[in-house]
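Participant:
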Amino acid sequence: MVPVYFWLPALGCLGMGFMFLNVSAVAEQFRLLFDLNYAGLGVFLSAPFWAHTLVQVPAGLIVDRLGTLRALVLSCVLCAAACFVPLLAPHSLWLAVVMRLIVGLATGLLFLAVVSAVKLLCPPVYMSRAQGLQGAAFSLGTMVPFVLLPWFGGFGWAAAYALGGLLPVVLLVLLVVTPLAPLRQESAAAGLSLKELLAVLGRVAHNRRLWYIGCCHGFSFGTITALGNWLTVMLADSSKASGQVVAGSGGGAVAAWSLATSMVLLAGTFARVAGGELGRPMPKPRLLALLVAGIGLFYLLVALACSSWVSNVWMLLGFALPLAMCCGGTYATVFTLTIEVAGARQTATAIGFMSMLANCVNVALILLMGVVRQYAGGFAPAMCLVGLSVWALILWGRKIDWRSRQQ
């Protein structure tokens with residue numbers, strides 16, 4: 021029997037990954053459903069990430085006050101409701117946006133509740149394995165919609181909602197029927213005073229290393245979600261410009277590019293599993309810098325493949341795969357470094373702050389690509405700008421002294 025400290029984080033993060041990109045996998049159907057241009061589609065696709073960004077730090081306080089089990093139950097109920105309610109009025113853009121915002125809030129709470137549950141349930145000897153499964157399950161969840169939803173044809177948008185709501189319901193049922201004594205016996209933590217809370221937030225916000233780690237995580241995690249949101253459009257644009265048509269295109273073209281996108285996201289999934297092993301023989305700051313440098317390099321190469329001078333769909337796929345692998349490889353290093361930098365007393369706040377920074381970068385990437393695609397006619401300028409920004413981040417990170425606790 022699979023221990024609860026393995027299946028709980030895996031199932032929770034699988035659901036989060038699916039709910040993040042279930043709409044993106046059939047984005048063209050939603051664009052037509054709501055009559056949006058690509059800039060408007062970018063805003064719609066980024067809605068859950070805005071809310072997810074804002075809730076990172078408050079979610080840690082909510083988990084502490086409610087307790088882990090109550091926070092898990094509350095987040096599952098909110099996730100399920102936010103996925104099922106839009107089916108009542110599928111053409112209402114405002115209802116869809118509000119529900120996607122609630123998905124972002126609920127998944128932010130669910131993520132920290134899952135982290136807290138693993139901390140309470142998992143023996144220390146299996147902690148790194150549980151974290152690896154957690155990260156891999158999230159990446160797997162982002163891939164599943166691109167494989168599954170095209171099979172529903174023109175009703176893919178409805179299946180995105182229904183299947184997204186089904187996963188938290190399954191987790192909720194398992195939470196009810198599974199004996200989770202450590203979670204049920206957990207008592208809510210005493211709340212900090214406002215002065216103490218501001219002092220902790222101030223110390224975290226002035227830590228340069230957390231800003232650097234958060235931005236690195238933003239360009240890695242954010243790139244995975246940005247590829248999930250826009251890679252199908254990039255591939256379709258390159259295919260059309262170069263005249264390279266995938267077999268079975270026409271009515272099945274979306275399904276063909278969705279499958280290709282799922283393979284790229286799968287590469288990121290395997291890289292998350294392998295990333296934890298790479299941190300053993302190499303110093304973690306150096307490993308993070310090398311992987312982020314790879315992200316910057318492959319962004320520039322993807323920009324070249326998307327450009328009007330080249331516009332080669334197979335070259336684009338060839339560069340997107342290692343880009344996703346570099347992104348996935350940073351996951352374990354990012355969270356291990358954050359814990360080391362923060363210390364035991366500020367771990368939850370530091371992770372929340374770091375994740376907030378990462379989600380800000382994530383939202384910016386999704387919006388940037390949508391706006392540039394709408395008004396520049398392609399993705400190459402956006403990819404080039406992001407690649408140069410990543411290299412600027414690396415140069416800034418070289419000034420950080422990782423041995424000092426004061427930075």
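With the numbering used here, the residue at position 135 of the sequence shown is 155, and numbering never jumps.
No residue lacks a Cβ here, since even glycine has one placed at the ideal position from N, Cα and C.
Every value quoted in this text rests on a predicted model; they were computed, and no experiment measured them.
Under a Cβ-count criterion, where at least 16 other Cβ atoms within 10 Å of its own Cβ denotes burial, should LEU92 be classed as buried or exposed?
Facilitator: By the 10 Å Cβ count, LEU92 comes out buried.
Participant: Under DSSP, the alpha helix (DSSP H) around ALA109 begins and ends at which residues?
Facilitator: Counting along the chain, ALA109 falls outside any alpha helix (DSSP H), and DSSP gives it neither H nor E.
Participant: In chain order, what residues of the same chain lie with their CB nearer than 6 angstroms to the CB of ALA362, ignoring the 5 residues before and after it?
Facilitator: Result list for ALA362: ALA370, in chain order.
Participant: What three-state label does DSSP hand GLY349 in the structure shown?
Facilitator: It is helical.
Participant: Smallest Cα separation from LEU191: which of GLY417, LEU31, LEU385, PHE166?
Facilitator: Minimum Cα distance to LEU191 is reached at LEU31.
Participant: Output the residue ranges of the alpha helix (DSSP H) runs that lie fully inside the stretch 140-201 and measure 4 residues or longer, sorted by chain position.
Facilitator: Taking only runs of at least 4 residues, the alpha helix (DSSP H) segments lying wholly in the stretch 140-201 are 147-168, 176-197.
Participant: Examine the Cβ distances between the stretch 132-148 and the stretch 108-115 and report whether three or more of them are shorter than 8 angstroms.
Facilitator: Result no; under three Cβ-Cβ pairs closer than 8 angstroms.
Participant: When the distance is taken between beta carbons, is PHE104 closer than 9 angstroms to LYS254?
Facilitator: Note that residue 254 corresponds to Met in the displayed sequence, not to Lys. Not closer than 9 angstroms, so no.
Participant: Measure from the alpha carbon of HIS226 to the alpha carbon of each residue in CYS96, PHE373, THR73, then state which is nearest.
Facilitator: The shortest Cα separation from HIS226 among CYS96, PHE373, THR73 belongs to PHE373.
Participant: To the nearest angstrom, how far is the alpha carbon of CYS236 from that of MET345?
Facilitator: Roughly 14 angstroms between the two C-alpha positions.
Participant: By the 10 Å Cβ neighbour count, where 16 or more other Cβ atoms means buried, how is PRO428 classified, buried or exposed?
Facilitator: Only positions 21 to 427 of the chain appear in the structure, and residue 428 is not among them; the question remains open.
Participant: According to DSSP, is TRP411 helix, strand or coil?
Facilitator: Helix, per DSSP.
Participant: Throw me the rounded Cβ distance for the VAL406 and LEU385 pair, which I believe falls under 8 angstroms.
Facilitator: So it is a contact: roughly 7 angstroms between Cβ atoms.
Participant: Indicate whether PHE166 and ALA45 have their beta-carbon atoms separated by less than 9 angstroms.
Facilitator: In contact: PHE166 and ALA45 (Cβ atoms closer than 9 angstroms).
Participant: Under 9 angstroms, do LEU141 and LEU28 count as touching if we go by C-beta distance?
Facilitator: Yes, the Cβ-Cβ distance between LEU141 and LEU28 is below 9 angstroms.
Participant: Could you spell out the range, first to last residue, of the alpha helix (DSSP H) harbouring MET39?
Facilitator: Per DSSP, MET39 belongs to the alpha helix (DSSP H) from 24-45.
Participant: Compute the distance between the beta-carbons of GLY349 and ALA309, then report whether it is under 9 angstroms.
Facilitator: No, they are not a contact pair.
Participant: Would GLY248 pass as a contact of LEU41 if the rule is Cβ separation under 9 angstroms?
Facilitator: Yes. Within cutoff.
Participant: Return the first residue and the last residue of the alpha helix (DSSP H) that VAL330 is part of.
Facilitator: First-last for VAL330: undefined, no H or E at that position.
Participant: Would SER318 pass as a contact of ALA340 if the rule is Cβ separation under 9 angstroms?
Facilitator: Checking the sequence, you will find Phe at residue 318 rather than Ser. Yes; because the gap between Cβ atoms is below 9 angstroms, this pair is in contact.
Participant: Apart from the five residues just before and just after ALA179, which ones in its own chain have a Cβ nearer than 6 angstroms to its Cβ?
Facilitator: Answer for ALA179: LEU169, PHE172, listed in chain order.
Participant: Note down, in chain order, each residue of its chain lying with its Cβ closer than 6 angstroms to the Cβ of ALA67, except the 5 sequence neighbours on either side.
Facilitator: Around ALA67: VAL117, ARG120, LEU121.
Participant: Which residues in the same chain have their Cβ closer than 7 angstroms to the Cβ of TRP277, if we skip the five residues on either side of it in sequence?
Facilitator: Closer than 7 angstroms at Cβ, skipping near neighbours: THR252, LEU255, ALA256.
Participant: If you measure from the CB of ARG306, is any heavy atom of the ligand ZN nearer than 8 angstroms?
Facilitator: This structure does not include the ligand ZN; it has no bound ligands of any sort.
Participant: Exposed or buried, what is GLY268 when buried is set at 16 or more other beta-carbons lying within 10 Å of its beta-carbon?
Facilitator: Caution applies to GLY268, whose pLDDT of 44 falls short of 50 and renders its modelled position unreliable; the value that the coordinates give is listed next. Looking at its Cβ environment, which holds fewer than 16 other Cβ atoms inside 10 Å, GLY268 is exposed.
Participant: Using three-state DSSP, classify MET254 as helix, strand or coil.
Facilitator: Reduced to three states, the DSSP call for MET254 is helix.
Participant: With 16 other CB atoms within 10 Å as the buried threshold, where does LEU34 fall?
Facilitator: Buried, because 16 or more other Cβ atoms sit within 10 Å of the Cβ of LEU34.
Participant: Please report the straight-line C-alpha distance between VAL123 and MET39, rounded to a whole angstrom.
Facilitator: If you take the alpha carbons of VAL123 and MET39, they lie about 7 angstroms apart.
Participant: When DSSP labels each residue in this structure, what does LYS419 get in the three-state scheme?
Facilitator: Coil.
Participant: What's the C-alpha gap between GLY238 and VAL22?
Facilitator: Whole-angstrom Cα-Cα distance: 32 angstroms.
Participant: Round the Cβ separation of ALA378 and GLY242 to the nearest angstrom and send it over; I've been treating them as touching at under 8 angstroms.
Facilitator: Going by Cβ atoms, the distance from ALA378 to GLY242 rounds to 7 angstroms, so yes, they are a contact pair.
Participant: Report the residue from MET36, PRO342, VAL391, TYR351 whose alpha carbon sits nearest the alpha carbon of GLY128.
Facilitator: Taking only the C-alpha atoms, the option nearest GLY128 is MET36.
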